[in-house]
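Below: the structure, in structure tokens.
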Amino acid sequence: DIQMTQSPSSLSASVGDRVTITCRASQGISHSLAWYQQKPGKVPRLLIYSVSALQSGVPSRFSGSGFGTDFTLTISSLQPEDVATYYCQKYDRVPHTFGQGTRLEIK
Amino acid sequence: QAQLVESGGGVVQPGTSLTLSCTASEFTFSIYGIHWARQAPGKGLEWVSLISPEGNSQFYGDSVRGRFTVSRDNSKNTVYLHLNGLRGEDTAIYYCAKEANLWGIAGYFDLWGQGTLVTVSS
Numbered sequence: 007d008i009q010m011t012q013s014p015s016s017l018s019a020s021v022g023d024r025v026t027i028t029c030r031a032s033q034g035i036s037h038s039l040a041w042y043q044q045k046p047g048k049v050p051r052l053l054i055y056s057v058s059a060l061q062s063g064v065p066s067r068f069s070g071s072g073f074g075t076d077f078t079l080t081i082s083s084l085q086p087e088d089v090a091t092y093y094c095q096k097y098d099r100v101p102h103t104f105g106q107g108t109r110l111e112i113k
Numbered sequence: 223q224a225q226l227v228e229s230g231g232g233v234v235q236p237g238t239s240l241t242l243s244c245t246a247s248e249f250t251f252s253i254y255g256i257h258w259a260r261q262a263p264g265k266g267l268e269w270v271s272l273i274s275p276e277g278n279s280q281f282y283g284d285s286v287r288g289r290f291t292v293s294r295d296n297s298k299n300t301v302y303l304h305l306n307g308l309r310g311e312d313t314a315i316y317y318c319a320k321e322a323n324l325w326g327i328a329g330y331f332d333l334w335g336q337g338t339l340v341t342v343s344s
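In order, the protein sequence lines correspond to chains Z and F. Numbered by the numbering used here, the letters in the first sequence go through residues 7 to 113 in order. Numbered by the numbering used here, the letters in the second sequence go through residues 223 to 344 in order.
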């Protein structure tokens, strides 16, 4: 099975900073990559699908890029409400594996 | 507004069984695959299972294959996850989630339920 590895595992940044989270697949998954945001005690929320397509209602400061095995989630200007854990997920075929998560905090 | 609601969680002893339900509303349930994912306390998300829209294909993660069974009743807009031979490491919040693609089984999750907690403890 394809493994999904995120880095870093945790991240602390200041309000207004540009933040980048990386997700690497152990084999190519084309553009079948999604990002989810999970705030503490809440249900995961879809942010981005097909590598770079923004889900309806998601602020434009979130963006995604990449292809094949290497992907990134970028927050262009970090806001206090972005404190959460972020997960990437492959969905080209089963299993729909998640990355281990990246915990984002405000410095 | 489209919604998924899980139920059936609880505290059970190791080796026992439990059935979780996921009931959908406000969308055409029978044309979407439904996934189960879980999250152990303080841990990340783990994909568990998928059932195809018509219920004729089921898929499982390695950690649950042979112990968990997924089924659906489209007349009741409900998917079931039957958990057998429960272990302490099965303790988690179990979420059901809807496939984004019509008739597909290779898509992202565009709708999640609120989750139901399963605790396996003696």
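Beta carbons: idealized from backbone N, C-alpha and C, even for Gly.
(request) Select from S274/F, L226/F, A259/F, S343/F the residue whose C-alpha is nearest the C-alpha of N323/F. (result) Ranking S274/F, L226/F, A259/F, S343/F by Cα distance to N323/F puts S274/F first.
(request) Check whether the Cβ of R30/Z lies closer than 7 angstroms to any Cβ atom in chain F. (result) Interface flag for R30/Z against chain F is unset, since no Cβ pair is found closer than 7 angstroms.
(request) To the nearest angstrom, report how far apart Y93/Z and T80/Z are at their CA atoms. (result) Near 13 angstroms, if we compare the C-alpha coordinates of T80/Z and Y93/Z.
(request) Locate the beta strand (DSSP E) running through L110/Z, then write down its first and last residues. (result) Segment 108 to 112, the beta strand (DSSP E) holding L110/Z.
(request) Run down chain F in chain order and give the residues with a C-beta less than 9 angstroms from the C-beta of P50/Z. (result) Neighbours of P50/Z on chain F, chain order: A259, Q261, L267, Y317, A319, F331, W334.
(message) Using CA atoms only, rank isn't needed, just tell me which of Q223/F, S239/F, L226/F, Q225/F is closest to V340/F.
(response) For the set Q223/F, S239/F, L226/F, Q225/F, the Cα lying nearest the Cα of V340/F is the one of S239/F.
(request) Specify whether the segment 228 to 244 of chain F and the segment 30 to 46 of chain Z touch according to this definition: at least 3 beta carbon pairs, one from each stretch, less than 8 angstroms apart. (result) Short answer: they don't touch.
(request) Measure the Cβ-Cβ separation of Q225/F and E248/F and say whether it is below 7 angstroms. (result) Contact flag set, yes.
(request) Evaluate the contact criterion for the segment 302 to 314 of chain F versus the segment 326 to 343 of chain F: three or more CB pairs, one atom per stretch, below 8 angstroms. (result) Contact holds: three or more Cβ-Cβ distances are below 8 angstroms.
(message) Counting only Cβ-Cβ distances shorter than 8 angstroms, please list the residues of the segment 264 to 288 of chain F near chain Z, keeping chain order.
(response) Listed by position along the chain: G266, L267, E268, W269, L272, F281, G283, D284.
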